[in-house]
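**Q** Dropping a structure here in structure tokens format, bear with me for questions.
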Amino acid sequence: MKTEKKTNKQRAAKAVFFRTEKLATNHSSSKHGKRLSASLLRWWAWLLPLTAVAVAGTAMVMFEDLFLFRVQELNLFLYTPLFLKQQMVVSGGLLTYLGTYFTQYFYHPWMGVTMLCCWWLLLMWLTKHAFVIPNKWMALTLIPAVALLISDMDLGYWIFYLKARGHFFAGTIGACVSVAMVWGYRALPGRWFLRTAFIPVSVAVFYPLFGFYALLGAALMGIMAWRVEDYKTLCRCIDTAAVLVAVGLIPLLYYRFWFYQTNIVNIYWTGLPLFRLDKDYYTYYIPYYILGASLALLALAFSRKPKTEGNQQSVEGKKALTTWFIAQLLIVGGVVYAGYTYWYKDYNFHKELKMNRLVEEQDWEGVLSLARDNKVEGTRMMWLMKNLALIRLGRAGDEMFHYPNGAKKCEAPFWVRMTQSGGKILYYNYGQLNFCYRWCLEDGVEYGWRIDYYKHMLKCSILNGEMTVAQKYVDILKQTKYYREWAEHYETFIKKPALIKQDKEFAAIIPFMKTQDVLTSDNTLIEMFLLDHFLRYEGNDPLLQEMSLIAALQMKDIQLFWPRFFNYATLHVNEHMPIHYQEAALLYGNLEHEVDISKMPFDPEVKASFQDFMTAAQQTYAGMTEQQMKPLMYDRFGNTFFYEYFFTRGQKSY
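Each position in the sequence shown, counted from 1, maps to that position plus 199 in the numbering used here.
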């Protein structure tokens, strides 16, 4: 009996032991699950921003390398004390200085993009710590960064007109300063009015250096005052009043006693780009609205009493996990969609940039290779660069109309002028040095001095024999990081002018300088000015006389064409007459019957092409409208002057 009782007690004790062990195991498993969840979220907090900037940076380097290179050409940073002083005469000067400094590294696009990505990572890290964002909501930090990405990559043709210097980095650096100010305010203890004192002091220190972004930081501190813990209502009201006084008064005081060169209308916006030409283009400010609004919402969402570490860093429960996953998907998907949608992807813009680069490198075959692309209708800038390449290669008379002749308007809400977007290099290559110099000078005064302007002014000065002026530009470019060797190369011509005629680049331009180069008015219409300029030439220089004939051909002026055609024939006796000149003579002779063309030695192919063209127009496609006939005729005769004369009309230059 005693043995049986003892056995029952042992069984009960054993059961209690196993139940206790099972509970302990379950508890340990639960704790392990929480630890695993927190670990995964810590990885999420690191991997998400790193992946985001890696994707954005890779896309920028792969698809926007020429754009970024052009951005640094339209930038200027000099390693001189005077340059720093020049930036600091207005509020936000240090922001400009840092922005232009980092922008120069886009000379190597991968290097500049890497630096920009590092700044974005810093902004996300500061945002997380300033607003105490839990790891599980790290996706929220992507919103300010993507807004800044869009502010850079949606510019397009604005890069030629934007007066804000160092724009590509300025917004990101300024946002970092604003968020850092908030972090400093929150980190201070609430007693002894330390936070209250920090508000005017920080604005007074950072406003002359970073302009608007110091005021943005103050505004965020005003919001944070109502969210921080252990703060009395009276203190919150005092801090809000301190923000209003600091934001309203400090810029006025600086304007009155220091930065008097700033327009009083703009004292609250210094450091921000002004998208203003004939009017304000407010849509370009949307990324800045998103930036400010997202930071303000993060400040509003700040918890007065931070949650415990476990609750901050874990997602518990199947329902909670599903909700969290959907929220992350919406945030990440939204920023990806916004980044892709508002990334400027105009095909012609990027093609113009590439052609401009090839013209500068004198890669004429490369220019023509791009010109053959008929994916979309091209711009007049492309047409002019293509013509320049053909003239340099001596093939304009045979191939000028073998390429698409487009006049598509630039993809921008404002009127883009060729004088800003690429006309300087055309004027330079056609020997109109005074006009090239004039537009560099005017745009330098209007939009700020840039590497591109100094390069053109240096070369124009050398060709004009103005060596003292040329040396001044050499000395300026020597103070840059990447153009010192370039400047030293051209300094050789200043010291040894006899080498100018031996240089391949200069030797091609010197013959164009025989025409009159008087500074008049081009009304910003470069194409029309050049056509009129060469049309006026009456001499016997073979190159310039052919330029005059080409101008008459493009103007479709029969009366101007004939004397230039006969002059060309006289200057090129026993040489084959280019195809397009034959086509024009054959067409005009049959249209006007004022010049006897019966004895002209036209190529059999030209005669046959003309007959086929007239048969198609008058018989095969008879009864069709011009718009119906145009694509059919282009497929067969798009590479002839016949098609150009009858079907290319109404084109507008800019």
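Even for Gly, the Cβ is constructed at its ideal location relative to N, Cα and C. These numbers were taken from a predicted model, which means no experiment stands behind them.
So what's Arg475 in DSSP terms, helix, strand or just coil?
**A** Strand at Arg475.
**Q** Is Cys609 helix, strand or coil by DSSP?
**A** coil
**Q** With the cut-off set at 8 Å, would you say Ala783 and Met776 are in Cβ contact?
**A** no
**Q** In this structure, how does DSSP classify Gly849 when only helix, strand and coil are distinguished?
**A** coil
**Q** What would DSSP say about Trp245, mapped onto helix, strand or coil?
**A** In this structure, DSSP gives Trp245 a helical state, which the three-state scheme calls helix.
**Q** Going by other Cβ atoms of all chains shown within 10 Å of its Cβ, with 16 needed for buried, is Ile463 buried or exposed?
**A** exposed
**Q** By Cβ distance, which residues of its chain are closer than 6 Å to Phe733, with the 5 residues on each side in sequence left out?
**A** Met746, Ser747, Ala750
**Q** Label Ser660 either buried or exposed according to how many other C-beta atoms from any shown protein chain fall within 10 Å of its C-beta, with 16 as the threshold for buried.
**A** Taking a 10 Å sphere around the C-beta of Ser660, we find 16 or more other C-beta atoms and assign the residue as buried.
**Q** Ordered along the chain, which non-local residues of its own chain (more than five positions away) have a Cβ less than 7 Å from that of Leu419?
**A** Ser377, Val381, Leu494, Ala495, Ala498
**Q** Would Tyr681 pass as a contact of Tyr306 if the rule is Cβ separation under 8 Å?
**A** yes
**Q** For Ile709, count neighbouring C-beta atoms within 10 Å of its own C-beta (all shown protein chains included) and say buried if the count is 16 or more, exposed if not.
**A** Classification for Ile709: exposed.
**Q** Contact between the stretch 562–576 and the stretch 591–610 is defined here as three or more beta-carbon pairs at a separation below 8 Å; is this criterion met?
**A** yes
**Q** If we count the other Cβ atoms within 10 Å of its Cβ and call it buried at 16 or more, is Asp721 buried or exposed?
**A** buried
**Q** Determine whether the beta carbon atoms of Tyr736 and Thr714 lie at a separation below 8 Å.
**A** Yes, the pair counts as a contact, with Cβ atoms nearer than the cut-off.
**Q** Check for me: the alpha helix (DSSP H) holding Lys755 runs from which residue to which?
**A** Unbroken run through Lys755: none, as it is neither H nor E.
**Q** Would you tell me roughly how many angstroms separate the C-alpha atoms of Gly630 and Thr299, rounded to the nearest one?
**A** Distance from the CA atom of Gly630 to the CA atom of Thr299, rounded to whole angstroms, is 32 Å.
**Q** Count Cβ pairs between the stretch 685–692 and the stretch 576–591 that sit closer than 8 Å; are there 3 or more?
**A** No contact exists between the stretch 685–692 and the stretch 576–591.
**Q** Applying the criterion that 16 or more other CB atoms from any shown protein chain within 10 Å of the CB defines a buried residue, is Asn739 buried or exposed?
**A** With fewer than 16 other Cβ atoms within 10 Å, it is exposed.
**Q** Going by beta-carbon coordinates alone, are Glu704 and Gln561 separated by less than 8 Å?
**A** yes
**Q** Quick check for students: name the residue ranges of the beta strand (DSSP E) that lie wholly in the stretch 260–344, counting only runs of 3 or more.
**A** none
**Q** If you draw a straight line from the C-alpha of Glu220 to the C-alpha of Ala244, how long is it?
**A** For Glu220, the predicted structure reports a pLDDT of 45, less than 50, and the residue's modelled location is therefore unreliable. A value from the coordinates is still provided. As the crow flies, the alpha-carbon of Glu220 is around 36 Å from that of Ala244.
**Q** Quick check on this structure: which residue in Lys335, Leu275, Val404, Thr340 has the alpha carbon closest to the alpha carbon of Thr295?
**A** That would be Leu275, whose Cα lies nearest to the Cα of Thr295.
**Q** For a minimum of 4 consecutive residues, which ranges assigned as the alpha helix (DSSP H) are wholly contained in the stretch 727–789?
**A** 741–754, 757–770
**Q** Nearest by alpha-carbon distance to Pro886: which of Leu415, Leu347, Trp614, Met259 is it?
**A** Residue 886 is absent from the model: the chain starts at 200 and stops at 853.
**Q** Please report the distance separating the alpha-carbon of Gln758 from that of Gly788.
**A** 11 Å
**Q** Determine, using beta carbons only, whether Tyr853 and Tyr842 come nearer to each other than 8 Å.
**A** No; because the gap between Cβ atoms is not below 8 Å, this pair is not in contact.
**Q** Which residue comes first and which comes last in the alpha helix (DSSP H) that contains Ile796?
**A** That residue, Ile796, is in no alpha helix (DSSP H); it is neither H nor E in DSSP.
**Q** Hey, Leu490 and Ala363: beta-carbon distance below 8 Å or not?
**A** Their beta carbons are not under 8 Å apart, which means Leu490 does not touch Ala363 by this criterion.
**Q** Is it buried or exposed for Pro333, if we count other Cβ within 10 angstroms and need 16 for buried?
**A** buried
**Q** Measure how close the beta-carbons of Ile725 and Tyr626 come, nearest whole angstrom, since I'm counting them as under 8 Å.
**A** In this structure Ile725 is in contact with Tyr626, their Cβ atoms being roughly 7 Å apart against a cut-off of 8 Å.
**Q** In three-state terms, what does DSSP make of Met584?
**A** helix
**Q** Is DSSP giving Gln715 helix, strand or coil here?
**A** coil
**Q** Could you give the C-beta distance for His655 and Lys623, rounded to a whole number, given that I count them as a contact under 8 Å?
**A** 5 Å
**Q** Does DSSP classify Asp721 as helix, strand or coil?
**A** coil
**Q** Rounding to the nearest angstrom, what Cα-Cα distance links Leu325 and Phe359 in this structure?
**A** 33 Å
**Q** Please name the residue in Ile349, Met580, Arg556 whose C-alpha comes closest to that of Tyr539.
**A** Ile349
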